[in-house]
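Visitor:
Numbering (my numbering), first residue to last: 5 to 484.
Right under this line is the structure:
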């Protein structure tokens, strides 16, 4: 047994009094003859500290432990979960999940159990035990004081530090066990500045599946604080954005959230199996401009969206979604992969033991092209340079999206001009992908701040993209 499985057995059996062999027997009885299913055991610790208005506003520490038992037969699923890790509770759950047998027939295409896990993409550490409470609160105070001393225009500073340690063990009917220990940390800094009665905000966050150390080192948090302040000062001097159709240059890194929303969700297996995505049934067709390649990669070391195994036990992978503009595949969990006659891709994810898995993104990346970013900007006579994004919305069925740019500039005669605020990018995902006319050679990963929502479940994700030039995009603004 590996060290991580030893730790997991201690958590879920030694500490609870559950007998491993009897639990396996319950799973075997409940899931025997099913097309699929698993017992998902989870234990997590989480903390959050928020410093605002010169004081520690909140400090929380939570633990949770529970299980979810799922059975799958044909297209039907049954699910039961509980915070009570006892044999009696597991037996009740087993009775519930066998109800899926009523009115359902098995599938002719039963996919095998996941392969063994051979690689872990982040350390088996608990970041919550790495730094004591006093050090954490002192850090938040130092960041607040640093920003207030740095610029007299600073009116408000909000700093948050959060961490999580999640341990999961997945048991299958055939006796296979897969475990994972997942750290996750994030530091976020928000600054409000005032100039001539005008108040604007800037923010910057960073994190990943690592210890706190890399993010709370003085050089690193000062870099993050400086960036949050820089964004705020840019916005306080920004003019209202113009509206209309124009060329848009989208910056590298976090702006990949546009890709995540406008295209990524539409490439998840469930929407495509049900025919509700604009990409349904289009494998092998051109869905983006030449030179556009998009992958979902859960194997990137230490990244926020990375997984050693997904929440069904499938090892994380690198899935090519679009290659040189041609649609190659979808992101799959086990259920949708089986019903579509393909292999799972390691994208079966759930928020916690209280939820069933579904196909979700991990780290969704558009790969670098061959254009120099400076040359891309120089090629634009009049347009918008969108450097950072805030919130956005997308309709999966139509592909329509609206995104707010939190930092943007006008481009005039190939040069970055005045900053503008209030710019929104409006379009249709597949249409915009066809309008990409230049792909930079500067792909960047986001700093580790993404959280994705779907069907009332939230999971950590990552994005990445290079500089892009998009021709003829609709920009919403306050000036015409």
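Every residue, glycine too, gets a C-beta built ideally from N, C-alpha and C.
Owing to the predicted nature of the structure, the values given are computational and were not obtained by experimental measurement.
#1: How long is the line joining the alpha carbons of residue 78 and residue 41, rounded to whole angstroms?
#2: May I have the straight-line CA-CA distance separating residue 365 from residue 106, to the nearest angstrom?
#3: Rounded to whole angstroms, what's the CA-CA distance from residue 249 to residue 437? Just pull it up for me.
#4: Does the segment 386-403 come close enough to the segment 256-276 to have 3 or more Cβ pairs within less than 8 Å?
#5: Distance check for residue 412 and residue 419, CA to CA, integer angstroms please.
#6: Indicate the three-state DSSP secondary structure (helix, strand or coil) for residue 484 in the structure shown.
#7: Express the C-alpha separation of residue 394 and residue 427 in angstroms, rounding to a whole number.
#8: In chain order, which continuous runs of the alpha helix (DSSP H) of length 4 or greater are located wholly inside the segment 321-351?
#9: Which two residues bound the contiguous alpha helix (DSSP H) that contains residue 81?
#10: Thinking just about the alpha-carbon of each residue, which of 195, 164, 156, 217 is nearest to the one in residue 232?
#11: By the 10 Å Cβ neighbour count, where 16 or more other Cβ atoms means buried, how is residue 281 classified, buried or exposed?
#12: Write down the C-beta distance between residue 314 and residue 351 rounded to the nearest angstrom, noting that I regard them as a contact closer than 8 Å.
#13: Our contact map puts residue 325 next to residue 333 with C-beta atoms below 8 Å; I'd like the distance itself, whole angstroms only.
#14: In chain order, what residues of the same chain lie with their CB nearer than 8 Å to the CB of residue 484, ignoring the 5 residues before and after it?
#15: Could you check whether residue 183 and residue 8 sit closer than 8 Å to each other, using their CB atoms as the reference points?
#16: First and last residue of the alpha helix (DSSP H) that includes residue 24?
#17: For residue 296, does the count of other Cβ atoms within 10 angstroms reach 16, so buried, or fall short, so exposed?
#18: If we require 3 or more residues per run, which beta strand (DSSP E) segments fall completely within the segment 452-481?
#19: Could you check which residue in 164, 94, 74 has the C-alpha nearest to that of residue 29?
#20: Is it a yes or a no for the segment 152-160 touching the segment 94-104, going by three-plus beta-carbon pairs under 8 Å?
#21: In chain order, which alpha helix (DSSP H) runs of at least 4 residues are fully inside the segment 419-446?
#22: Quick check: the Cα distance between residue 404 and residue 263, rounded to an integer number of angstroms?
#23: Alpha carbon to alpha carbon, what distance is there between residue 91 and residue 13?
#24: Where does the unbroken beta strand (DSSP E) through residue 2 begin, and where does it stop?
#25: Would residue 34 pass as a contact of residue 75 if the rule is Cβ separation under 8 Å?
#26: Relative to the C-alpha of residue 143, which candidate in 118, 60, 158 has its C-alpha closest?
#27: At the level of alpha carbons, what is the spacing between residue 287 and residue 127?
#28: So for residue 304, helix, strand or coil by DSSP?
#29: When you compare the segment 66-75 with the segment 346-362, are there three or more beta-carbon pairs, one atom per stretch, that lie closer than 8 Å?
#30: Where does the unbroken beta strand (DSSP E) through residue 387 begin, and where does it stop?
#31: Report all residues from its chain with a CB closer than 6 Å to the CB of residue 451; omit the five preceding and five following residues, and keep chain order.
#32: Got a sec? Which residues, its chain only, sit under 6 Å from residue 5 by beta carbon, not counting five neighbours each side?
Guide: To lay it out plainly:
#1: If you number the chain shown from 1, residue 78 lands on position 74. If you number the chain shown from 1, residue 41 lands on position 37. Using only the alpha carbons, I get a separation of about 12 Å.
#2: Position 361 of the chain shown, counting from 1, holds the residue named residue 365. Position 102 of the chain shown, counting from 1, holds the residue named residue 106. Distance between the alpha carbons of residue 365 and residue 106 is about 33 Å.
#3: Here residue 249 refers to the residue found at position 245 of the chain shown. Here residue 437 refers to the residue found at position 433 of the chain shown. So the two alpha carbons sit approximately 16 Å from each other.
#4: Yes, the segment 386-403 is in contact with the segment 256-276.
#5: The residue given as residue 419 occupies position 415 in the chain shown. The residue given as residue 412 occupies position 408 in the chain shown. So the alpha carbons of these two residues sit roughly 13 Å apart.
#6: Locating residue 484 in the chain shown gives position 480, where the first residue counts as 1. In this prediction, residue 484 scores a pLDDT of 49, lower than 50, which makes its location untrustworthy; no coordinate-derived value is stated.
#7: Numbered from its first residue, the chain shown carries residue 427 at position 423. Numbered from its first residue, the chain shown carries residue 394 at position 390. C-alpha separation (whole angstroms): 11 Å.
#8: Counting only runs that start and end inside the segment 321-351, the alpha helix (DSSP H) elements of at least 4 residues fall at 338-344.
#9: Residue 81 sits at position 77 when you count from the first residue of the chain shown. Counted as a single uninterrupted DSSP element, the stretch harbouring residue 81 is not any alpha helix (DSSP H) but the beta strand (DSSP E) occupying residues 80-86.
#10: As a first step, residue 232 must be located in the chain shown, where it is residue number 228. Nearest option by C-alpha distance: 195.
#11: The residue given as residue 281 occupies position 277 in the chain shown. Label assigned to residue 281: buried.
#12: For the purposes of this step, residue 314 is taken as residue 310 along the chain shown, with counting starting at 1. For the purposes of this step, residue 351 is taken as residue 347 along the chain shown, with counting starting at 1. Right, the Cβ-Cβ distance comes to about 6 Å (below 8 Å), so this counts as a contact.
#13: As a working note, residue 325 is residue 321 in the chain shown. As a working note, residue 333 is residue 329 in the chain shown. About 6 Å separates the two Cβ atoms, so the contact holds.
#14: Position 480 of the chain shown, counted from the start, is the residue given in the question as residue 484. Because the pLDDT at residue 484 is just 49, under 50, the model does not fix this residue reliably, and the point stays unresolved.
#15: On the chain shown, position 4 is the one that residue 8 refers to. On the chain shown, position 179 is the one that residue 183 refers to. Yes, the Cβ-Cβ distance between residue 8 and residue 183 is below 8 Å.
#16: Taking the first residue of the chain shown as position 1, residue 24 is located at position 20. Residues 24-35.
#17: By 1-based counting over the chain shown, the position of residue 296 is 292. Classification for residue 296: buried.
#18: 454-458, 461-469, 472-480
#19: The residue given as residue 29 occupies position 25 in the chain shown. The shortest Cα separation from residue 29 among 164, 94, 74 belongs to 94.
#20: no
#21: 433-438
#22: Stepping through the chain shown from its first residue, residue 404 is reached at position 400. Stepping through the chain shown from its first residue, residue 263 is reached at position 259. Near 12 Å, if we compare the C-alpha coordinates of residue 263 and residue 404.
#23: Numbered from 1 along the chain shown, position 9 holds the residue referred to as residue 13. Numbered from 1 along the chain shown, position 87 holds the residue referred to as residue 91. One C-alpha to the other measures close to 15 Å.
#24: Shown here, the chain extends from 5 to 484; a query on residue 2 therefore has no answer.
#25: Position 30 of the chain shown, counting from 1, holds the residue named residue 34. Position 71 of the chain shown, counting from 1, holds the residue named residue 75. In contact: residue 34 and residue 75 (Cβ atoms closer than 8 Å).
#26: Within the chain shown, residue 143 is the residue found at index 139, counting from 1. Closest option to residue 143, Cα to Cα, is 60.
#27: Position 283 of the chain shown, counting from 1, holds the residue named residue 287. Position 123 of the chain shown, counting from 1, holds the residue named residue 127. Answer to the nearest angstrom: the Cα atoms are 37 Å apart.
#28: Working through the chain shown from its first residue, we reach residue 304 at position 300. Reduced to three states, the DSSP call for residue 304 is coil.
#29: yes
#30: Locating residue 387 in the chain shown gives position 383, counting from the first residue. Here the beta strand (DSSP E) through residue 387 covers 386-398.
#31: In the chain shown, residue 451 corresponds to position 447, counting from 1. These residues qualify, in order along the chain: 210.
#32: Looking up residue 5 in the chain shown gives position 1. Caution applies to residue 5, whose pLDDT of 46 falls short of 50 and renders its modelled position unreliable; the value that the coordinates give is listed next. So no residue of the chain qualifies.
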